[in-house]
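Peer 1:
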Amino acid sequence: MKRLGGPSRVGRALTSADLARSTIVIVVVLVVQNTLLDTVRVGGAHPDAMLLLPVAAGYAAGPDRGAVFGFFSGLVADLFLPTPFGLSALVGCLLGYATGLATRGLVRSSWWLPPVVAVIATAAGMGAYAILGGVLGDPGMLKTYLAPALVVATPAAALLAVPVLRFVAWAVPEPGAGHGSPSGRGSR
Amino acid sequence: MPRRTRRARRARRGTTIGLLVVASIAIITLDYRGQAHGVISGAKRAAHDAFAPVQRGVDALTRPVGSFLSGAVHGGDLEAQNAKLRREIGALRRQTLSTQATRNSLRALERLDQLPWVGDIPTVTAQVNALNSSDFAATVQLDKGSKNGVAIGMPVVGGAGLVGQVIDVWSSGCTVRLITDINSSVGVRFGSGGTLALVQGSGLGRTVAVNLVSPGTPLHKGEVLTTSGLQQAQFPPEIPVATITSFSSTPSATQETVSARPLANLAVLQYVDVLQWESAP
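One line per chain: the protein sequences are A and B, in this order. Per the numbering used here, the very first residue in the first sequence carries number 3; after that it's consecutive. Per the numbering used here, the very first residue in the second sequence carries number 879; after that it's consecutive.
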């Protein structure tokens, strides 16, 4: 996938411009989630673009930046959710890290790779969310809400994967060597 | 890549994820134990207040897109509806539809104005402006908040019965946990003897479970469950909650298995009343 930020941003430390871009990405996706995606409702569940943010960050920029991006995007999402505060941040950082680790070294030339990664990571993220919710004393998250959430959120993740990945890749530069780039550069 | 550099990178990576996980768990723990409740609820209120005008503006601009996406999901239903509408289209006029919509809203508001079980409890009429923001909770958002006198814990009723309870509030809106949410529990009473039971949610769109009903208790389908209003109850007494739809029992069971359907139509909520009633300490 072509990086929108340009090759000069590859392999360098984060700058204040990157942080500003990351903030824009999180706010824009939050607005899209709360105004558009929340209205697409099947069986009480809806697509979850906020959960795709750490996945896209891990995929585009590796485990470290995926984890950090996932933590902060999750923290912002938690401000608007009735579930325990910090749960999305925990799932976000784990998901960003795991996606970054699992996909580094992959050759990114296949068009189907981002949707497949998004579906698997969303399913894993939803499962982790429900399990951690159960651990925190809310077993119904696992028993009642997980199945409809998976049925709706995973196909939606496949559709949203490419635009969200492009948007996140614009904001979070890849760290360079040691990580497979979204465009196929730097893959080992 | 030199081995030492790779090892250093791996160690740094482990430190980053470790710190983030510890920070997340610390935040969850502080929220869970209520120690940072003021800070967290303050941050949530500020975020909602800052976001509300943005959401209203974007919502107005993108509503057609949202309707389109929602329609795309329910395509099969829409095709059937379209066929029906085509047959009726000659009789329908834009003005008529507009008038009808206004009448429906008015009727919904009038129904709220005549709730016999509200008594003299002051109410705040609010419009539902968003459904559940999380896939893991059954909640709705209302367009009235703390500046209108809404507070956490206040009961919310619809035209036919109890809808839920306010769990989060900011200046221009609030979040209501529906009685179908798995974390919702409502003390109820039913029957001529005033049998006490507990209504617990089983998920959005499902019936609710009626627990703590002793074996042998006389039960009837269609029987109405009303809030018990016991001391320290979270709801005032006599609010209709649900009607019994099925019940069964096994010889060794310690309680009857009872299901009930909420009286308020939670799938199509438009206007609701927030009762300005607070539980006695």
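In this text, a Cβ means the ideal position worked out from N, Cα and C, and glycines have one as well.
Cβ of L1020 of chain B versus every heavy atom of the ligand FAD: is any distance shorter than 6 angstroms?
Peer 2: In terms of ligand content, the structure shown is empty, and the ligand FAD therefore cannot be addressed.
Peer 1: Would you mind working out which of A:P165, A:A130, A:A79, A:V70 sits nearest M143 of chain A, comparing C-alpha positions?
Peer 2: Translated into the one-based positions of the first sequence, residue 143 of chain A becomes position 141. Answer by Cα proximity: A:A130.
Peer 1: From which residue to which residue does the alpha helix (DSSP H) around L2 of chain A run?
Peer 2: Nothing about residue 2 of chain A can be reported from this structure: the residues present for chain A run from 3 to 190 only.
Peer 1: Below 6 angstroms CB to CB, which residues in the same chain sit around W1048 of chain B once its five sequence neighbours on both sides are set aside?
Peer 2: Taking the second sequence and counting its residues from 1, the one referred to as residue 1048 of chain B is at position 170. If we look at W1048 of chain B and ignore the five residues flanking it on each side, its Cβ neighbours are R923, H926, D927, G1023.
Peer 1: Is it a yes or a no for the segment 1025-1039 of chain B touching the segment 1137-1157 of chain B, going by three-plus beta-carbon pairs under 8 angstroms?
Peer 2: Cβ pair count under 8 angstroms is three or more, so yes.
Peer 1: Quick one: give me the first and last residue of the beta strand (DSSP E) that V29 of chain A is part of.
Peer 2: Numbered from 1 along the first sequence, position 27 holds the residue referred to as residue 29 of chain A. V29 of chain A -> not in any beta strand (DSSP E); alpha helix (DSSP H) instead, spanning 18-37.
Peer 1: Name, please, each residue of chain A whose Cβ falls closer than 9 angstroms to the Cβ of R1009 of chain B.
Peer 2: Here residue 1009 of chain B is taken as the residue at index 131 of the second sequence, counted from 1. With the sequence shown as reference, residue 1009 of chain B is identified as Leu, and Arg is not the correct amino acid for it. The answer, in chain order, is D40, T41, R43, G46, H48.
Peer 1: Please classify A155 of chain A as buried or exposed, where buried requires at least 16 neighbouring CB atoms within 10 angstroms.
Peer 2: Stepping through the first sequence from its first residue, residue 155 of chain A is reached at position 153. With 16 or more Cβ atoms within 10 Å of its Cβ, A155 of chain A is classed as buried.
Peer 1: Name the chain E residues whose beta carbon is nearer than 7 angstroms to that of A69 of chain A?
Peer 2: The displayed structure is made up of protein chains A and B, and chain E is not among them.
Peer 1: Take the Cβ of W114 of chain A as the centre, count every other Cβ of all protein chains shown within 10 Å, and call the residue buried at 16 or more, exposed below.
Peer 2: Translated into the one-based positions of the first sequence, residue 114 of chain A becomes position 112. Answer is exposed; the Cβ neighbour count stays below 16.
Peer 1: For E1156 of chain B, does the count of other Cβ atoms within 10 angstroms reach 16, so buried, or fall short, so exposed?
Peer 2: Walking along the second sequence from the start, residue 1156 of chain B turns up at place 278. E1156 of chain B is exposed by the Cβ-count criterion.
Peer 1: Output the boundary residues of the beta strand (DSSP E) element that contains S1165 of chain B.
Peer 2: Any property of residue 1165 of chain B remains undetermined from this structure, which presents chain B solely from 879 to 1159.
Peer 1: Taking Cβ-Cβ distances shorter than 7 angstroms, what residues in chain B pair up with A160 of chain A?
Peer 2: In the first sequence, residue 160 of chain A corresponds to position 158, counting from 1. By Cβ distance, chain B contributes nothing, its closest Cβ being about 15 angstroms from A160 of chain A, past 7 angstroms.
Peer 1: Thinking just about the alpha-carbon of each residue, which of B:V1102, B:P1114, B:T893, B:L1097 is nearest to the one in S1126 of chain B?
Peer 2: Locating residue 1126 of chain B in the second sequence gives position 248, where the first residue counts as 1. For S1126 of chain B, the nearest C-alpha among the options comes from B:L1097.
Peer 1: Taking the continuous beta strand (DSSP E) assigned at L1020 of chain B, which residues delimit it?
Peer 2: What you label residue 1020 of chain B is simply residue 142 of the second sequence in a count that begins at 1. Note, L1020 of chain B: beta strand (DSSP E), 1017-1020.
Peer 1: Hey, is V936 of chain B's beta-carbon within less than 7 angstroms of any beta-carbon in chain A?
Peer 2: Position 58 of the second sequence, counting from 1, holds the residue named residue 936 of chain B. With 7 angstroms as the cut-off, V936 of chain B counts as an interface residue toward chain A.
Peer 1: Less than 7 angstroms between CB atoms is the rule here; does T1053 of chain B satisfy it with respect to chain A?
Peer 2: Taking the first residue of the second sequence as position 1, residue 1053 of chain B is located at position 175. Judged by the 7 angstroms Cβ criterion, T1053 of chain B is in contact with chain A.
Peer 1: For A1016 of chain B, which residues in chain A fall below 8 angstroms Cβ to Cβ?
Peer 2: What you label residue 1016 of chain B is simply residue 138 of the second sequence in a count that begins at 1. Those are G46, listed as they occur along chain A.
Peer 1: If I'm right that L1056 of chain B touches L1076 of chain B with Cβ under 8 angstroms, what's the distance once you round it to whole angstroms?
Peer 2: By 1-based counting over the second sequence, the position of residue 1056 of chain B is 178. By 1-based counting over the second sequence, the position of residue 1076 of chain B is 198. Contact doesn't hold; Cβ gap of about 16 angstroms is too wide.
Peer 1: Please state whether the Cβ-Cβ distance between L1082 of chain B and A1016 of chain B is less than 7 angstroms.
Peer 2: The residue given as residue 1082 of chain B occupies position 204 in the second sequence. The residue given as residue 1016 of chain B occupies position 138 in the second sequence. Yes, the pair counts as a contact, with Cβ atoms nearer than the cut-off.
Peer 1: For the pair the segment 162-176 of chain A and the segment 48-58 of chain A, tell me if three or more CB-CB distances fall below 8 angstroms.
Peer 2: Yes: the two stretches touch, three or more of their Cβ pairs being nearer than 8 angstroms.
Peer 1: Does the distance from the C-beta atom of C95 of chain A to that of G64 of chain A stay below 7 angstroms?
Peer 2: In the first sequence, counting from the first residue as 1, residue 95 of chain A sits at position 93. In the first sequence, counting from the first residue as 1, residue 64 of chain A sits at position 62. Cβ atoms of C95 of chain A and G64 of chain A: not closer than 7 angstroms.
Peer 1: Classify Q959 of chain B: buried if its beta carbon has 16 or more other beta carbons within 10 angstroms, exposed otherwise.
Peer 2: The residue labelled residue 959 of chain B in the question sits at position 81 within the second sequence. When all chains shown are included, Q959 of chain B counts as exposed.
Peer 1: Identify the residues that DSSP records as bridge partners of R1139 of chain B: which are they?
Peer 2: Within the second sequence, the letter at position 261 stands for residue 1139 of chain B. R1139 of chain B is bridged to B:T1121.
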